[in-house]
Every structure is written in C-alpha cells, then in structure tokens.
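*Asks:* Below: one structure in structure tokens.
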Amino acid sequence: MISFNRLAIWLNHVVRRHPSRWLYTDRLLGNYMDGKERPFMTRDWGAAAIWDVGASVGKYTTILARSNPNGMIYAFEPNLNSLYYLAFRTARYRNVVIVPNALTLDGRPIPGSHDPDFTSPPTGPLVSTISIQEAIARTGVPRFVKVDIEGAEFDLFKSKAIECLHPATILLSWHPILAGREIYEVDGWRNVQLDANLTLLTPHGQSGTP
Numbered sequence: 020m021i022s023f024n025r026l027a028i029w030l031n032h033v034v035r036r037h038p039s040r041w042l043y044t045d046r047l048l049g050n051y052m053d054g055k056e057r058p059f060m061t062r063d064w065g066a067a068a069i070w071d072v073g074a075s076v077g078k079y080t081t082i083l084a085r086s087n088p089n090g091m092i093y094a095f096e097p098n099l100n101s102l103y104y105l106a107f108r109t110a111r112y113r114n115v116v117i118v119p120n121a122l123t124l125d126g127r128p129i130p131g132s133h134d135p136d137f138t139s140p141p142t143g144p145l146v147s148t149i150s151i152q153e154a155i156a157r158t159g160v161p162r163f164v165k166v167d168i169e170g171a172e173f174d175l176f177k178s179k180a181i182e183c184l185h186p187a188t189i190l191l192s193w194h195p196i197l198a199g200r201e202i203y204e205v206d207g208w209r210n211v212q213l214d215a216n217l218t219l220l221t222p223h224g225q226s227g228t229p
C-alpha cells in the first residue's frame with residue numbers, strides 16, 4: 020500500500036511537471052514547520068547573511084525572509100525545474116538572492132536536471148556550482164545555514180570544508196530516504212540530533228535553541 024507521504028511526493032512531482040506555478044504560493048501550500056525547526060526559521064538573525072542551501076521551491080526561503088527583514092537570504096538551488104517556482108514564490112522579497120548553483124567542494128560543473136525528483140537520473144545539461152570558499156567571498160560568513168541533505172552534501176562534511184563556515188549555526192534537514200544517517204563530527208561545533216530528520220550544529224559556547 021502506498022503511504023500518504025509517498026503519494027503526496029508523487030503528486031507533487033506530477034503537478035510540478037506542468038506550468039502550475041500559481042499553486043506554489045504560501046497561501047496554497049502553507050508554511051507548516053516541524054516544532055523543532057520553527058525556532059531557527061522564525062528567529063531574527065539580525066543584519067547578517069543567511070544561507071538556504073537546497074532551497075527547492077522556497078518554502079523556508081520566504082519564512083526566513085519575513086523573519087529577517089534586515090538580513091539577506093541566499094537561496095542556493097541548482098535544479099532547473101525548482102528554480103522557476105523558487106523565483107515565482109520569492110519575487111516580492113527584496114532581501115532574497117537566488118543563487119542558481121549547488122554548493123560544492125570545488126565549484127566544478129555537475130550534471131543538472133529539469134526533473135523535480137532529485138533521486139531520478141540527471142535530465143538536463145551541466146550546471147555550474149559554487150564552492151563554499153567562493154560563496155563566503157561573495158556573502159561573508161553566514162550567521163545561519165539551513166542545508167537540505169540529499170546525498171552530495173555529505174562531501175562537504177567528509178572533507179571538513181564546512182569548517183570555514185564557523186561560527187554559523189547550521190541546521191541539517193534530512194530527506195526522508197536518508198533520515199537516520201549519522202553526520203560527521205565537525206571541529207568547532209556541537210552535533211545535536213533533534214530528531215530523525217534534523218541535525219543541529221551549534222558553535223561551541225553557544226546554546227542549541229534560539
């Protein structure tokens with residue numbers, strides 16, 4: 020029997036394969052958040068850079084933009100399908116910058132996709148990426164980073180490249196197919212497993228909850 024979650028994901032992909040951008044608004048999709056992630060998404064982090072890595076269609080991007088009127092939200096999203104909806108959903112926010120790139124170790128091009136399902140084989144041309152070092156050079160070290168973990172992001176932790184983001188607070192949101200995998204320990208941060216889908220990295224000396 021197909022679970023409701025799987026059916027919802029399947030319907031999401033079907034709808035997104037059509038010119039249906041009007042469906043992707045806060046009013047229709049809502050802003051449901053897990054109780055454990057809400058304090059980080061609704062906190063005002065001040066006049067700082069905030070990274071939404073794996074912004075998809077912008078659910079958290081818009082929440083962060085409203086909660087941080089003096090901050091700048093950088094929405095990283097390489098999927099060619101998602102970018103269309105992300106642009107539509109964030110168009111009215113003057114404090115959102117869409118970065119149409121994946122965040123990688125070396126900034127080299129990777130196979131892209133116009134299919135909304137990231138588990139499917141790449142369907143598009145090569146797309147450009149941006150290294151953590153280059154992103155920091157452009158935005159400064161962010162104060163808060165939300166990262167969707169969908170597979171490739173593990174490389175950032177295995178290589179320890181993520182350490183140059185210190186002292187940012189980092190919230191890792193696991194895709195359901197990856198939930199439960201242990202993230203690598205990173206020097207300078209305390210690793211807290213909030214639940215099966217959320218891992219929090221807080222700089223040593225700071226509390227875990229805003």
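Residues are numbered in my numbering as their position in the sequence shown, beginning at 1, plus a constant of 19. The beta carbon of each residue, even a glycine, is placed where N, CA and C say it ideally should be.
Could you tell me the alpha carbon to alpha carbon distance between L220 and L145, rounded to whole angstroms?
*Replies:* Looking at the two C-alpha atoms, the distance is approximately 32 Å.
*Asks:* By Cβ distance, which residues of its chain are closer than 6 Å to F163, with the 5 residues on each side in sequence left out?
*Replies:* Closer than 6 Å at the Cβ level, and outside the excluded window around F163, lie W64, I69, T188.
*Asks:* If L122 sits next to V160, beta carbons under 8 Å apart, how far is it from one beta carbon to the other, in whole angstroms?
*Replies:* Not a contact, Cβ separation roughly 14 Å.
*Asks:* Looking only at DSSP bridge pairs, what is L122 linked to?
*Replies:* Bridge partners of L122: I149.
*Asks:* Do you know whose CA, among Y79, A74, S75, A66, lies nearest M60's CA?
*Replies:* When only C-alpha atoms are compared, the closest one is Y79.
*Asks:* What's the C-alpha gap between Y242 and P141?
*Replies:* This structure does not reach residue 242, given that the chain is present from 20 up to 229, and the question cannot be answered.
*Asks:* Kindly indicate the opening and closing residues of the alpha helix (DSSP H) around A106.
*Replies:* Element bounds for A106: 99-109.
*Asks:* Helix, strand or coil: how does DSSP classify Y79 here?
*Replies:* DSSP places Y79 in helix when its eight states are reduced to three.
*Asks:* Within a Cβ cutoff of 7 Å, which residues of the same chain sit near L42, ignoring the five residues on either side of it in sequence?
*Replies:* Same-chain partners within the cutoff: V34.
*Asks:* Could you please give the first and the last residue of the uninterrupted beta strand (DSSP E) stretch that includes R57?
*Replies:* Segment 57-60 is the alpha helix (DSSP H) holding R57; no beta strand (DSSP E) there.
*Asks:* Less than 8 Å between the CB atoms is what I'm expecting for G77 and L99, so what's the real figure, rounded?
*Replies:* Contact flag wrong, Cβ pair sits at about 15 Å.
*Asks:* To the nearest angstrom, how far is it from the Cα of I168 to the Cα of L191?
*Replies:* Near 6 Å, if we compare the C-alpha coordinates of L191 and I168.
*Asks:* Expressed to the nearest angstrom, what Euclidean distance is found between the alpha-carbon atoms of I155 and N24?
*Replies:* Answer to the nearest angstrom: the Cα atoms are 36 Å apart.
*Asks:* So what does DSSP say about S192, is it helix, strand or coil?
*Replies:* The answer is strand: DSSP assigns S192 an E or B state.
*Asks:* I think S147 touches P128, with their Cβ atoms under 8 Å apart; what is that distance to the nearest whole Å?
*Replies:* That belief holds up - the Cβ atoms of S147 and P128 are roughly 6 Å apart, short of 8 Å.
*Asks:* Relative to the C-alpha of E204, which residue among E56, I151, F176 is closest?
*Replies:* Of the candidates E56, I151, F176, the one whose C-alpha sits nearest the C-alpha of E204 is F176.
*Asks:* Please report how far the alpha carbon of W282 lies from the alpha carbon of T109, in whole angstroms.
*Replies:* No answer is possible for residue 282: it lies beyond the span of the chain, which begins at 20 and ends at 229.
*Asks:* Ends of the beta strand (DSSP E) at N210?
*Replies:* Per DSSP, N210 belongs to the beta strand (DSSP E) from 208-214.
*Asks:* In this structure, does DSSP put W41 in helix, strand or coil?
*Replies:* Helix.
*Asks:* Around the Cβ of V211, are there at least 16 other Cβ atoms within 10 angstroms (buried) or fewer (exposed)?
*Replies:* By the neighbour-count rule (16 or more Cβ atoms within 10 Å), V211 is not buried but exposed.
*Asks:* On the CB-based measure, 16 or more other CB atoms within 10 Å of its CB, does G90 come out buried or exposed?
*Replies:* Buried, since its Cβ has 16 or more Cβ neighbours within 10 Å.
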